[in-house]
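Number of protein chains: 2
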Amino acid sequence: MIKCLNCKEVSGIVKSGKSNGSQRYFCKYCKKYFTIKVDEQKKLKTKEGITIKDIAQKLGLGISTISRALNSSDEIKKETKKIILETAESMGYEKNLTAIGLVKQQSFNIGIIVPELKSDFYSTLISGANHILKNKGYRIYIMQSEESYKNEIANTNALIASRVDGIIASTTFETKDFSHFTRAIQKNIPIVFFSRVNNELKTPKIAVDNYLGACMATEHLINKGYKRIGYLGGGKDFNIGNIRYQGFYDTLRKYNIKFQNKFILREDYIIHNSSQYIHQYLMSKNRPDGVFTMTDTIGIEVLKTAKNLGIKIPEDLGIIGFSDHIVSRYISPSLSTIRQPTMEIGMEAAKGLINLIDNRDDINIEFEYTTLLKPELVARDSTNKL
Amino acid sequence: MIKCLNCKEVSGIVKSGKSNGSQRYFCKYCKKYFTIKVDEQKKLKTKEGITIKDIAQKLGLGISTISRALNSSDEIKKETKKIILETAESMGYEKNLTAIGLVKQQSFNIGIIVPELKSDFYSTLISGANHILKNKGYRIYIMQSEESYKNEIANTNALIASRVDGIIASTTFETKDFSHFTRAIQKNIPIVFFSRVNNELKTPKIAVDNYLGACMATEHLINKGYKRIGYLGGGKDFNIGNIRYQGFYDTLRKYNIKFQNKFILREDYIIHNSSQYIHQYLMSKNRPDGVFTMTDTIGIEVLKTAKNLGIKIPEDLGIIGFSDHIVSRYISPSLSTIRQPTMEIGMEAAKGLINLIDNRDDINIEFEYTTLLKPELVARDSTNKL
DNA sequence: CTGTTAGCGCATTCAG
DNA sequence: CTGAATGCGCTAACAG
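What follows is the structure in structure tokens.
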């Protein structure tokens, strides 16, 4: 590789025209030009792997026969196929997805958009999807929206430009307009939503049963003896939040627990810069003795703030979140939560997407469904009152 | 899309031959066949976006002129170029990387192999690399080895088969044989190692200055007044571990602290199933009053075990790790650690790889270097003795 | 069953 | 400066 002859730097070198028989380079670091003779650069173009043509020549067959053998259609003699497969193997043949993609108008790439990578939750979701997709010959582009609507649009556009065969996505909390996804669908790129789903688009959606999970969480607080129960979550534009809130609300009713509006905080700012608001919430004279938070992240924030204020957990305040964030089990006291069947959600989403891709052309069959998977209660110290 | 006519299932439907004018399907769930008329499946083949041919036709030019304009070579009239670029824009042209890839024998895909995704550390590393790579038009396949040597090999092979243009990798703690990477290099796929580097392969390596970091960690323990200082880490085959241990050892010497062999635990099992060994280590009559652990993960394990044994942290035992794991700041007491300039490492690795790719053919210029970036001490409660 | 041919969308000689 | 022709590796009609 090229090192700058002056400062030895390697990563800021750019080609800068040719002079007779030599290649000129420019180093961005020391701002100097230098020259290397072209004839010293014996090109070694490693052979790009062998092709079906090579196999055909070796066996004295036509390339289409090789193609057929490799794609195991039934229109080929068994013996011929066997021979071809064996020699292909022995020659170390590997199919060129780029070439196949050009012919088939496919890229064999799937895009996955998640809010973040660093959580157990999303990385497991991806693992689940990957497990199914790789077996079907698809590769994955992972994109992070970082909970930003703008990034989500950019990611989606990048995936469209890359001509992915399909998209699996969890939207950000900010996403209220879905036209970027519509654009993908119009380009015949199918989409499946997982975990954070919506009612806007007619696509498959795979998620945990958020309603049931919220009911379980609320019920858990009630069972543990908490009486003045509150809820903290994002604003009312967010579908998942609404569903979880509904489960919370209905469960309170079911158990004849007094519903108090002042214990409810449903605002978008709770998701991002919540600390001052949570502080305020917990400082009020008449505060709840137990809260269900829309997410573990919010729950962790509440837990930290409460600790700072000297509020005893779980005695004076019980907290239960949703999603089992990686930090929840390590924080002190550990945070109770609702765990989702993450791996399964990922796998189901991938299966749904593959089905969409395989039947891309069967247009006049309507296609929209939602799969809800069962959540699981994880009781930890933050609600361990009794 | 296709729904089973019997059970309404959608994700287990496979095509099963054609009968005259109809497509037969088989549902894996209810094990039944059903048929849908082909002529009801008006194929809608959304036009795969417009091509340079379309632009050429519209403008009455040759396709090669369009190609030139798009690739901004200098062999084209400025005005022509301007017109072409504008109409391309207005027509919504997007270049087809699959086709370009076939011609140029490139995939515009880069593979990144990391031990895990769910940590702050690796996801930030990836973000850094992504930032550089996307600006250069590359997309990324992310692979997780999950700290398994076997997976690492499988990942590498998958990337080779996918004909990526380059690989950025952090090896597992188990990796002692690097022949899978050698295979990639032989296929002319350049590799850059980041974070967990090795001395086996002649490639660029980007990492934090592990020696310096270990010195800083050890020095911190000494400054905090710990006297009987120990080390826990993986076995002696692992390069990073050796370097960190060396820093630890040298610092002890430098400060004339008594080095005690019984305080040292350098075994591979510490990385995976360490709990019983750590338990044993902490139970010994004469145990250290301060430890530097090779990673935060080990440090967290020590911290948990010590707490269970009733050992007071930081009074009776100080602990400092390495890497600033996401959990470290949340665990109680919070874990002191050495933070790495993660984003930068990722960016440098990407720059190095791009340089390798761009100069792939300049073979007789040797290319091997190591870039070491400065670490940062993060003092938290687990060493806050004074 | 098998071989021949024609592209998929684009970059790149080679002639103007 | 610009256009026509070639081919990257492979699949899919189309003929045998």
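Protein chains in written order, with this note's numbering: chain A, 116 to 501; chain B, 116 to 501. Ideal Cβ placement from N, Cα and C applies to all residues, glycine included.
Quick one: what does DSSP say residue i is sitting in, helix, strand or coil?
i      : result
G345/A : strand
V323/B : strand
A332/A : helix
G433/A : strand
S451/B : strand
R381/A : strand
D154/A : Confidence is the limiting factor: at D154/A the pLDDT is only 34, short of 50, which leaves the residue's position unreliable and the question unanswerable from this model.
I446/B : strand
R183/A : helix
K317/A : coil
I337/A : helix
E190/A : coil
K351/A : coil
S205/B : helix
L176/A : coil
K511/A : Shown here, chain A extends from 116 to 501; a query on residue 511/A therefore has no answer.
I275/B : helix
I300/B : helix
I460/B : helix
I441/B : coil
N401/B : coil
I386/A : coil
I170/A : helix
D268/A : In the sequence as displayed, the identity of residue 268/A is Ile instead of Asp. Of the three classes helix, strand and coil, the one that applies to I268/A here is helix, per DSSP.
Give me the residue from the options with the minimum Cα distance to residue i.
i      : options                        : result
M398/A : I446/A, T420/A, L347/A, I337/A : T420/A
I304/B : I469/B, I257/B, K500/B, G436/B : I469/B
K320/B : L492/B, L240/B, A494/B, L487/B : L487/B
T333/A : V417/A, E204/A, V323/A, Y346/A : Y346/A
R495/B : P456/B, G177/B, G414/B, D365/B : G414/B
Q221/A : S449/B, A214/B, I241/B         : A214/B
A244/B : V493/B, F482/B, M462/B, T498/B : M462/B
S443/B : G425/B, L424/B, L418/B, K427/B : L418/B
S285/B : S449/B, E231/B, N423/B, K193/B : E231/B
E491/B : L471/B, T452/B, E483/B         : T452/B
P456/B : T239/B, T202/B, Y208/B         : T239/B
I460/B : N325/B, Y360/B, C330/B         : N325/B
I428/B : K197/B, P403/B, T412/B         : P403/B
T408/B : D431/B, V312/B, F378/B         : F378/B
A184/B : Q172/B, K197/B, L174/B, G175/B : K197/B
V229/B : I167/B, K342/B, E261/B         : E261/B
Along the chain, where does the alpha helix (DSSP H) containing residue i start, and where does it finish?
i      : result
L217/A : 212–219
V417/A : 411–423
I393/B : 390–398
F293/A : Premise fails: F293/A is in no alpha helix (DSSP H) and is neither H nor E.
T166/A : Premise fails: T166/A is in no alpha helix (DSSP H) and is neither H nor E.
Ends of the beta strand (DSSP E) at residue i?
i      : result
T408/A : 405–408
G281/A : 281–284
F363/B : F363/B -> not in any beta strand (DSSP E); alpha helix (DSSP H) instead, spanning 354–369.
I306/A : 306–309
Anything in the segment 430–454 of chain B with a Cβ closer than 8 Å to a Cβ of chain A? List those residues in chain order, please. I441, V442, Y445, I446, S447
Short of 9 Å Cβ to Cβ, which residues in the segment 181–215 of chain A face chain B? E209, K210, N211, L212, T213, A214
What residue ranges within the segment 463–501 of chain B form continuous beta strand (DSSP E) runs of no fewer than 3 residues, ordered along the chain? 485–488, 491–493
Please list the segments of the alpha helix (DSSP H) lying wholly inside the segment 222–264 of chain A, counting only runs of 4 or more residues, in order along the chain. 235–250
Of the residues that make up the segment 254–267 of chain A, which ones have a beta carbon closer than 8 Å to any beta carbon in chain B? R254, I255, Y256, I257, Q259
Please name the residues in the segment 225–253 of chain A whose beta-carbon is closer than 9 Å to at least one beta-carbon of chain B, in chain order. E231, L232, K233, S234, D235, F236, Y237, S238, T239, I241, S242, N245, K249
Give the residues from the segment 385–403 of chain A that approach chain B closer than 8 Å (Cβ to any Cβ), ordered along the chain. none
Positions along the segment 304–336 of chain B whose CB lies within less than 7 Å of some CB in chain A: none
Residues, ordered as in the chain, of the segment 358–376 of chain B that lie near chain A by beta-carbon distance below 9 Å: none
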